[in-house]
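Those letters in the sequence shown? Residues 11 to 417, by our numbering.
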Amino acid sequence: MTETDNANPEKGICSSCGLCSIKEWPMQESIQSCVFKNGWLGKREKKLFGRERKPDNPEEMRFGIAQERFTAQLKNPLPDAQWSGIITTIAHRAFESGMVEGVVTLHRSEENRFFSQPVLAMTTEEIDASRGNKPVLSPVLRSLQTAVRKKLKKILVIGAACHIHVLRDFQERFPYLQNMEIYTIGIPCVDNVQRNQFNWILERMSKSPGTACHMEFMQDFRIHIKHTDGTVEKVPFFSLPEELSNPGIFPESCMGCFDYLNSLSDITVGYLAARLLPDQNRQWVMVRTEKGRKLLDLVNDELARYPEEGKWECKKFILQNTERIISSMKEQKASYSPDRKIPVWVGHLLSWMLSMSGPKGIGFAHYSVDFHLIRHYYYVKYRCPEQLTVLVPRHVRSILQEYDLPL
């Protein structure tokens, strides 16, 4: 079963999280916990932390509530990890220590190295095999069915924000998982694609799509595509074909997401606020709950830790793009050109200039979060207006008002 098999048009917007495909309880109960029915954050965030985000704390308004934030990399990086392997190592240590009996995660599909296969990892080898990003909609929660059937009592779930939202709501709302101790590692997640469109997109980005094995938009405003021979192809974002700027190539569930940084996870591990440095693979860690602290403690001695760096302010860079963002969300063009927007060499020059003069570190994270909140707000406003009140958390409107944008 692929993740698109899990989608049900009766559910409306659907991220194919996998919960609805589980046979241990009625599908209608899974749907009641859908984040696209209940909305992002709000009461769920307040229940987890005992409070809402502080409106006078601009970092918390964007990054979510956290006990601690820092950047880090493993002192001894894992081979073949997309970054240094922090998430995989936490999963290993949690399993080896007996903190959990299994890890709900994803393996690469045999069909395509970028496609995902949900798995309940119960050996170190199975945990190892979960390394690397899978940039497609993924039904990771489907593996909860195996955990329930095996009567596991302690599990770790690694997932995107839509997975964690649904999981927390479902565990509280229904009895099926209430006797399970669940730890969560959140992955910052945005701009995933449907499986049936992925190859079409990759072919328009890479000179050698058949050898690509990792792909990520990076802090230097380029898409970094790692190939099986170890080389990294860097494609300037500004030189992508116009047809890749069509909002319609992304699932509604991703364009309707308002929790880029996975704020309901116990610990979030990503890269946005980490410096992009030669021969380093620093990641950004946000410890959110006491369970997240316990997960961090498992690997703390294995980390080289660094404070967050960079200047916070990025307003002028956001304002340079807001008119274009709003227009592209409102206008639904009949067709998009397959030609590059600008030549590649010009794109490299522009990327270099922005990486030198633009936001870095914590400022880049600020920029990226605000960019996506603005884009997604106007996507929902113009393309799914009936969902606007349900999906958009209160703090998003406050951030838009900082830029004097119309609500």
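A virtual CB, placed ideally from N, CA and C, is assigned to each residue, including glycine.
Small disclaimer: the values here were computed from a predicted structure and weren't measured.
Is the beta carbon of residue i sitting closer than 9 Å to the one on residue j?
| i | j | result |
| --- | --- | --- |
| M225 | P145 | yes |
| G196 | I211 | no |
| R63 | G49 | no |
| M296 | T278 | yes |
| L166 | A101 | yes |
| G280 | G320 | no |
| L177 | L147 | no |
| C324 | F374 | yes |
| Q342 | G258 | yes |
| G441 | R404 | The question about residue 441 has no answer, for the chain in this structure spans 11 to 417. |
For residue i, name the three-state secondary structure that DSSP assigns.
| i | result |
| --- | --- |
| P19 | Here P19 scores only 48 on pLDDT, less than 50, and its place in the model should not be relied on; the value that follows carries that caveat. Three-state DSSP puts P19 in a helix. |
| W355 | helix |
| P395 | helix |
| Q83 | strand |
| E13 | Residue confidence for E13 is low, a pLDDT of 36 falling below 50, so the modelled location carries little weight; the figure read from the coordinates is stated next. It is helical. |
| M225 | strand |
| V400 | helix |
| S408 | helix |
| Y186 | coil |
| W210 | helix |
| G320 | coil |
| M265 | helix |
| V77 | The residue asked about is misnamed: residue 77 is Gln in this sequence, not Val. In the structure shown, Q77 sits in coil (DSSP, three-state: anything other than H, G, I, E or B). |
| Q42 | helix |
| S126 | strand |
| D289 | coil |
| G169 | strand |
| W362 | helix |
| C24 | coil |
| Y296 | One detail in the question is off: residue 296 reads as Met in this sequence, not Tyr. Strand, per DSSP. |
| E341 | coil |
| V100 | Before going on, a small fix: residue 100 reads as Ile here, not Val. Here I100 sits in helix by DSSP. |
| V146 | strand |
| G258 | helix |
What is the C-beta distance between residue i and residue j, in whole angstroms, given that I count them as a contact (C-beta under 8 Å)?
| i | j | result |
| --- | --- | --- |
| A171 | D239 | The Cβ separation is near 34 Å, so there is no contact. |
| Q83 | Q397 | That belief does not hold up - the Cβ atoms of Q83 and Q397 are roughly 39 Å apart, past 8 Å. |
| I328 | F381 | 7 Å |
| M71 | S408 | 7 Å |
| L151 | M190 | That belief does not hold up - the Cβ atoms of L151 and M190 are roughly 13 Å apart, past 8 Å. |
| L58 | L274 | 6 Å |
Hey, out of the options, whose CA is closest to residue i's CA?
| i | options | result |
| --- | --- | --- |
| K351 | K340, K325 and S249 | S249 |
| M109 | P185, T194, H117 and G28 | T194 |
| R118 | E136, K236 and V390 | E136 |
| W322 | D276, R298, A283 and W355 | A283 |
| D276 | G28, S218, P219 and P198 | P198 |
| P246 | G220, N206, R214 and F105 | R214 |
| R385 | R334, W294, Q42 and A139 | R334 |
| P87 | V402, E312, L415 and T156 | E312 |
| S216 | A344, D414 and I235 | I235 |
| Q207 | F125, R393, P185 and E252 | F125 |
| T81 | Y316, M339 and Y413 | Y316 |
| H237 | P219, K47 and D307 | P219 |
| W35 | V158, Y413 and E78 | V158 |
| Y392 | N202, C30, E262 and F46 | E262 |
| T241 | L130, D90 and I32 | D90 |
What does DSSP give as the partner residues of residue i in its beta bridges?
| i | result |
| --- | --- |
| H117 | Q127 |
| R350 | P251 |
| L315 | Contrary to the premise, residue 315 reads as Arg rather than Leu in this sequence. R315 pairs with A82. |
| R232 | P246 |
| I192 | I165 |
| G112 | I165 |
| V203 | V146 |
| G280 | W294 |
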